[in-house]
Amino acid sequence: MTRRRAGHEGEVLRFTFDGRPYEGYRGDTLAAALLANGVRKIGTSVTLGRPRGIFGAWTEEPNAVVQIERPFSEPMVQATTIPLYEGLAATGLAGRGRLSPEPDPARYDATHAHCDVLVVGAGPAGLTAALAAARTGARVILADDRFQPGGSLPDTGETVDGRPGSEWALDVAAELVTLPDVRVLSRTSVIGYYDHNYLVAVERRGEDAVTRERVWRIRARRVVLATGAHERPIAFSGNDLPGVMLASAARAYVNRYGVLPGRRAVVFTTGDSAYDAARDLADAGVEIAEIADAREGRLVTGVIGGADDEGVRAVVIGGHEVEADLLLVSGGWNPVVHLFSQSGGELRYDEALAAFVPAGPYAQAVEVAGSARGVFTLAGCLTDGEAAGSGFALPSHPLSGESGSSPPSHPLPDVRAEQLWLVPAEDYSSHFVDLQRDVTVADLQRATEVGLRSAEHVKRYTTAGTAHDQGKTSGTLTSAVIAGILGVGVAELGTTTFRAPYVPVSFATLAGRDRGPLHDPVRVTAMHDWHVSHGALFENVGQWKRPWYYPRPGEDMTAAVLRECRAVRQATGAMDASTLGKIDVQGPGSAELLDRLYTNMMSTLKVGAIRYGVMCRPDGMVFDDGTVIRLALDRFLVTTTTGNAAAVLEWMEEWLQTEWPDLRVHCTSVTEQWATVALAGPGSRDVLAGLAPDLVVDTESFPFMTWRDTEVAGIEARVCRISFSGELAYEINVSWWYGQALWEAIHATGAVTPYGTETMHVLRAEKGYPIIGQDTDGTVTPADLGMDWIVSKKKPDFIGKRSYARSGNARPDRRHLVGLLPEDPNALVPEGTQLVDPAVLVPEGTKLLDPRVIVPEGTPLVDPGVAPEGTQLLDPRVVSEGAQLLDPGAGVPEGRRFVAFVRLPAAPVPMLGHVTSSYRSAALGRTFALALVSGGRDRIGERLYAPVGDRLIPVTVTHHVLYDPEGARRDG
4 MTRRRAGHEG EVLRFTFDGR PYEGYRGDTL AAALLANGVR KIGTSVTLGR
54 PRGIFGAWTE EPNAVVQIER PFSEPMVQAT TIPLYEGLAA TGLAGRGRLS
104 PEPDPARYDA THAHCDVLVV GAGPAGLTAA LAAARTGARV ILADDRFQPG
154 GSLPDTGETV DGRPGSEWAL DVAAELVTLP DVRVLSRTSV IGYYDHNYLV
204 AVERRGEDAV TRERVWRIRA RRVVLATGAH ERPIAFSGND LPGVMLASAA
254 RAYVNRYGVL PGRRAVVFTT GDSAYDAARD LADAGVEIAE IADAREGRLV
304 TGVIGGADDE GVRAVVIGGH EVEADLLLVS GGWNPVVHLF SQSGGELRYD
354 EALAAFVPAG PYAQAVEVAG SARGVFTLAG CLTDGEAAGS GFALPSHPLS
404 GESGSSPPSH PLPDVRAEQL WLVPAEDYSS HFVDLQRDVT VADLQRATEV
454 GLRSAEHVKR YTTAGTAHDQ GKTSGTLTSA VIAGILGVGV AELGTTTFRA
504 PYVPVSFATL AGRDRGPLHD PVRVTAMHDW HVSHGALFEN VGQWKRPWYY
554 PRPGEDMTAA VLRECRAVRQ ATGAMDASTL GKIDVQGPGS AELLDRLYTN
604 MMSTLKVGAI RYGVMCRPDG MVFDDGTVIR LALDRFLVTT TTGNAAAVLE
654 WMEEWLQTEW PDLRVHCTSV TEQWATVALA GPGSRDVLAG LAPDLVVDTE
704 SFPFMTWRDT EVAGIEARVC RISFSGELAY EINVSWWYGQ ALWEAIHATG
754 AVTPYGTETM HVLRAEKGYP IIGQDTDGTV TPADLGMDWI VSKKKPDFIG
804 KRSYARSGNA RPDRRHLVGL LPEDPNALVP EGTQLVDPAV LVPEGTKLLD
854 PRVIVPEGTP LVDPGVAPEG TQLLDPRVVS EGAQLLDPGA GVPEGRRFVA
904 FVRLPAAPVP MLGHVTSSYR SAALGRTFAL ALVSGGRDRI GERLYAPVGD
954 RLIPVTVTHH VLYDPEGARR DG
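Start counting the sequence shown at 4; every next residue gets the next number (our numbering).
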């Protein structure tokens, strides 16, 4: 550490950068420690690959972004904000980082807070504002992003009341902590300001804390923004090289960290503040070679870099070179108005300050104090902060202007600076305005040459101000240069929009504890342990783990599912159906609500009966389906698909609360209150009769689509005659606590085979029952599904009725749900496969197998049934495996004449539809599929083709009900 101020010592910490070991002191940032070790080049720029060094000292830093390698890899972190700790390992970046492939081991959390006064910033203005407000008895939160209070006081070394400003700040913070209802949050960045004085902050608690970072969601009666100001650069040739640094940053490294950022410095300034920086650096031992003051007409026209790309070697002033390794730049100060602008406040351009400052009236209950509103003297900031804080009273005393406020009336000090944005030159290709994005004045010129006149448009064209620093140093400079190019005033052009977050925030922080199972909880049914112990494999359905199938030893999925299907069709099977959404709908208006939500009538349903129903969105497309069970005149139990349960409940509440608040209805999810077993198959009646001796189960006494309360296996149960398989079936509902007991009692009969969701899919598809979200895609009406019967002609209205009645929804070419039978009964067409008309296929020539059969070139592919006698046309992509294509003259098997090759035409290929479900069926003894096909019901019997890889699989369109179309098996 050769570049330390004399007498500055501390606890030594060891770290590595770019693989090399270094030492620093506790209290350093990584940037300070690197400068102390003489490291000037931190990385290279994102686009041009130019060497870049440390430019700022805190969150304004545009260049020095690094990848933290240990203890956990984290990309794009500003070296100026990383506290040095033992074992830190980091590498420089070229403007881009890499995410760790490993999960982040750290914990993150979030909390809410309310206060009378939120003060943002613990500089001189913020501290006095918080102290003044706290002394009134108000509940105060003081949030500051620094490690210690005081803002710029430790950077400048200024005194307050005759003692060092940093000591004064520590004393004020200590007093604040002792006051009741005051919370001081250090290392906490307020990143966003939203409506109704709702602000979001991120507290960086450190690697050793229980939670690494915490999100604070704060609601405040009033807010004081004491966010300070950023020094801005000047655009000149080579202003991006290592060794070019903001004057205030160099001053901070000397005074706060005891680090000498260079040996010999040149100062380039438009105002007085850089002289203070030069004085402090000189006192610390840095030689000040020259001061170029723009007010005196002295300009830095270029920087000469070293041959090794390590940064500044000399500075060009007025045509002569000045040897230096450090160039301090001060182009004026920009108040930090980001949060104020996010609050809805307007900005005005102050010509004297050459900066944008808050303009009144303010949109929310907020005050701006100190340099954030253009007060750039210490005395002015102290006075301004006290005035902002002293206006707050206890909540029992009303505050004037609760909904908004106006700027303070006391005058601002006169702090003028020369308005110099860029140094004139013939070539502006190395005059940088945004160091992180490699945006130069030449880039801005090109943007305006193509006709862009708005700062917002130029920002997007050049990406200026879109990096991690969000234009803290580049924003106003870019606007001013654009204004100069266009020949308009800076005030007229304005700024770009200040958006949250104010500083970079990781996704892990925003997620907090809401990640992994806590973000997407794994939900299991009451019978889950039984499923696991009996070897079930699971699939994810929404958040639920549902048994997929139950393989026996030696069985793959195909064999297991076929066995389960045969069990249900020929004997009895049981499925855990507990995950189906269940919503209890109660109240005098419940029947009216359901009539409005469903396409069919629900108010006519009798108590004890069940009705299948479909919901549509306002566009007339199917949203969900399920059953409605009437429990009483004013109470229904609605079932939904598993994946749509939450969406349906939200849908109900949205209409109740926003459109129909007059309906007296309460909707409550009871999905996890009921465990449900679907008992299906021709033997299910006998199994149920044995388990529920008090229940009369014959068809006449217990008809389809009704329910009964009884005891099953000694457990109170509600039994519903519902079938999603087409077989005789029952759904047995018991309290969740007794779900496994019921399940075990059913299987203890020895007559029941457990089956999973894959078998359920096969069974329902054989019957043509659609699954919403699988056999629909958001563009399907009930009529498209072949269910126009479910749309009531008697109801005056339901959600989506007007849209459903549009003539376009009755077009014959709409996609209809149909069945598909591959001509090869063993060919399984993947779900999602597109379907094409044979008419679009292109002949690709023929291969003669018998030279006596002559086929003219271009002969179309025809079905064998209409080919000339003795001719058989085969597509080689549908020939059964093992078939051989014989050359002319070879021995030809009887019936084989030639093979006609066809292919898809060049893209785009017109498609008729796509496969939505595809399975192997034990009942049909073959494969089959469901599909949405244009004009599908009018194409029944036609042959279509399904392109699968390099094959064209021929399929025949059939009715979507492929098994037991008469429904004879429903009643056993």
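Even for Gly, the Cβ is constructed at its ideal location relative to N, Cα and C.
Would a C-beta distance cut-off of 9 Å place residue i and residue j closer than the cut-off?
i, j, result
"A391", "E370", "yes"
"T762", "G538", "no"
"S795", "M604", "yes"
"Y111", "T214", "yes"
"A949", "V821", "no"
"A250", "G265", "no"
"A223", "A368", "yes"
"L915", "L844", "no"
"G13", "G30", "yes"
"A232", "P364", "no"
"L91", "L134", "no"
"F20", "V69", "yes"
"A1041", "V610", "The shown model of the chain, from 4 to 975, leaves out residue 1041, and the question about it has no answer."
"R190", "R166", "no"
"V668", "S593", "yes"
"I2", "V269", "Residue 2 cannot be examined here, being either before or after the span of the chain that is shown, 4 to 975."
What three-state label does DSSP hand residue i in the structure shown?
i, result
"W746", "helix"
"F343", "helix"
"D800", "coil"
"D967", "coil"
"T959", "strand"
"V881", "Only weak support exists for where V881 lies, its pLDDT of 38 falling under 50; the value from the coordinates is given anyway. Coil, per DSSP."
"V783", "coil"
"G822", "strand"
"E429", "coil"
"W61", "coil"
"V869", "Annotation note: pLDDT 35 at V869 (below 50); position unreliable, coordinate value reported separately. Three-state DSSP puts V869 in a helix."
"I156", "In the sequence on display, residue 156 carries Leu and not Ile. Helix, per DSSP."
"L554", "A small correction: the amino acid at residue 554 is Pro; Leu does not occupy that position in the sequence shown. Of the three classes helix, strand and coil, the one that applies to P554 here is coil, per DSSP."
"V461", "helix"
"W533", "helix"
"T273", "coil"
"P411", "Low confidence applies to P411: its pLDDT is 47, below 50, so where it sits in the model is not reliable, and the reading given next is rough at best. It is coil, neither helix nor strand."
"L636", "coil"
Is residue i near the ligand COA, judged by its Cβ being under 8 Å from some heavy atom?
i, result
"E63", "Judged by which ligands are present, the structure shown has none, so any question about the ligand COA falls away."
I'd like the span of the alpha helix (DSSP H) that includes residue i, first residue to last.
i, result
"F510", "510 to 514"
"W171", "168 to 181"
"L33", "33 to 39"
"V453", "Where V453 is concerned, there is no enclosing alpha helix (DSSP H), given that its DSSP letter is neither H nor E."
"G487", "478 to 489"
"G129", "127 to 137"
Would you give the residue range spanned by the beta strand (DSSP E) that residue i belongs to?
i, result
"Q589", "584 to 589"
"V610", "First-last for V610: undefined, no H or E at that position."
"Y28", "23 to 28"
"Q660", "Element bounds for Q660: not the beta strand (DSSP E) but the alpha helix (DSSP H), 648 to 661."
"A113", "111 to 123"
"G468", "Unbroken run through G468: none, as it is neither H nor E."
"T19", "15 to 20"
"V755", "Here V755 belongs to no beta strand (DSSP E), and DSSP marks it neither H nor E."
inquiry  = Extract the residue ranges of the alpha helix (DSSP H) inside the segment 205 to 263, only unbroken runs of 4 or more that lie entirely within it.
reply    = 250 to 258
ask   = Fully enclosed by the segment 313 to 391, which beta strand (DSSP E) runs are 3 residues long or longer?
value = 315 to 320, 323 to 326, 329 to 333, 336 to 338, 349 to 353, 358 to 362, 369 to 371
request  = Tell me, please, whether the segment 655 to 666 touches the segment 698 to 714 by the rule of three or more beta-carbon pairs shorter than 8 Å.
outcome  = no
Beta strand (DSSP E) runs contained entirely in the segment 663 to 714, provided each spans 3 or more residues = 669 to 672, 677 to 683
inquiry  = Is it the case that the segment 527 to 537 contacts the segment 735 to 746, given that we only count it when at least three CB pairs across the two stretches are under 8 Å?
reply    = yes
ask   = Are the segment 53 to 73 and the segment 484 to 491 in contact at 8 Å, needing three or more beta carbon pairs?
value = no
Cβ contact check for the segment 501 to 509 and the segment 192 to 212: 3 or more pairs under 8 Å = yes
ask   = Are the segment 311 to 328 and the segment 285 to 299 touching, with three or more C-beta to C-beta distances below 8 Å?
value = yes
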